[in-house]
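Notes follow once the structure below has been shown.
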Ligand code: PAF
């Protein structure tokens, strides 16, 4: 695996790899890789002869008081994992490569609508940071395919919308959420959970499973289902930001009779904020 930190050598490397033929698949990450990321890279490897991964902790997608400064970094282990997974290139840009004029003075990409609901209500600047950095990374890597996890379902839809709206020639591939044995969705932020919190964290997924069961059994009062799920989580010790049943295609509030749905939730255990969807 080649490791590159600067954009000029990335370009050279990609020129060479493209010359060998085939499409380039890209897996953007913020590092601290776990089995969920490994699955993204495996998927990229299975569909493409050239696999590029990036690690960049993007300041623009963290709000005030969030964990930008303390975001876990495990570069040696990440490098080893990506090498084992047979990635071709690891791109490790610095903040100055992505934000040459500083992260506060940059052209931004805004995906209206999806950036303001659910996660966007609770993290108002988050998705503008995500769409901006992903657009920049796409500009640098110029992938044919990019792979994202369903764990961040709203992010996945937002990136799809950005690519469609800006006519970017990138196919977006989604990979199912990878879970711990008890159902907790894999996330770098799980490492923040204390032992007692970790013991109840899987209740988030179990609650979403209950929502799914109720909806699949024909319960049509979604507001009632959401309220019951919220209460269940609060009783388990969570501080709930939202539990919401939405139309899967665009996260709009579903019309009666809508059948293809996603239930999404965000809740805090102590200082750790967890999200999940089903
Ligand atoms: O999902 C993530 O890890 C990040 O939001 C992403 C897509 C790498 C952008 O920084």
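In the working numbering, the protein residues as written are 10 to 287. Here a beta-carbon is modelled for each residue, glycine too, at the ideal position from N, C-alpha and C.
Short Cβ contact (7 Å threshold) for residue i with residue j
i           : j           : result
residue 119 : residue 144 : no
residue 239 : residue 252 : yes
residue 178 : residue 35  : no
residue 206 : residue 278 : yes
residue 184 : residue 44  : no
residue 146 : residue 68  : no
residue 41  : residue 83  : yes
residue 201 : residue 134 : no
residue 242 : residue 216 : yes
residue 60  : residue 53  : yes
residue 228 : residue 234 : yes
residue 319 : residue 49  : The displayed coordinates of the chain run from 10 to 287. Any statement about residue 319 would go beyond what the structure contains.
residue 214 : residue 285 : yes
residue 182 : residue 98  : no
residue 197 : residue 81  : yes
residue 6   : residue 70  : For the chain, the structure presents residues 10 to 287; residue 6 sits outside this window and is missing.
residue 102 : residue 65  : yes
Residue i, DSSP secondary structure in three states
i           : result
residue 252 : strand
residue 174 : helix
residue 25  : helix
residue 200 : helix
residue 38  : strand
residue 79  : coil
residue 181 : strand
residue 67  : coil
residue 107 : helix
residue 17  : helix
residue 60  : strand
residue 187 : coil
residue 285 : strand
residue 262 : coil
residue 194 : strand
residue 99  : strand
Terminal residues of the alpha helix (DSSP H) in which residue i lies
i           : result
residue 56  : 44-56
residue 9   : Residue numbering for the chain in the displayed model covers 10 to 287; residue 9 lies beyond these limits and cannot be assessed.
residue 93  : 84-93
residue 274 : Here residue 274 belongs to no alpha helix (DSSP H); instead the beta strand (DSSP E) covers 270-278.
residue 242 : 231-244
The beta strand (DSSP E) enclosing residue i, as first and last residue numbers
i          : result
residue 12 : 11-13
Cβ separation of residue i and residue j, assumed to be a contact under 8 Å, to the nearest whole Å
i           : j           : result
residue 90  : residue 47  : 6 Å
residue 275 : residue 131 : 7 Å
residue 257 : residue 271 : 4 Å
residue 167 : residue 140 : 6 Å
residue 16  : residue 149 : 6 Å
residue 212 : residue 245 : 4 Å
residue 123 : residue 163 : 7 Å
residue 63  : residue 31  : Not quite, the Cβ-Cβ distance comes to about 19 Å (not below 8 Å), so this is no contact.
What ranges does the alpha helix (DSSP H) occupy inside the stretch 114-156, keeping only unbroken runs of at least 4 residues that lie completely in it?
If we require 4 residues or more, the alpha helix (DSSP H) runs fully inside the stretch 114-156 come out as 128-131, 135-150.
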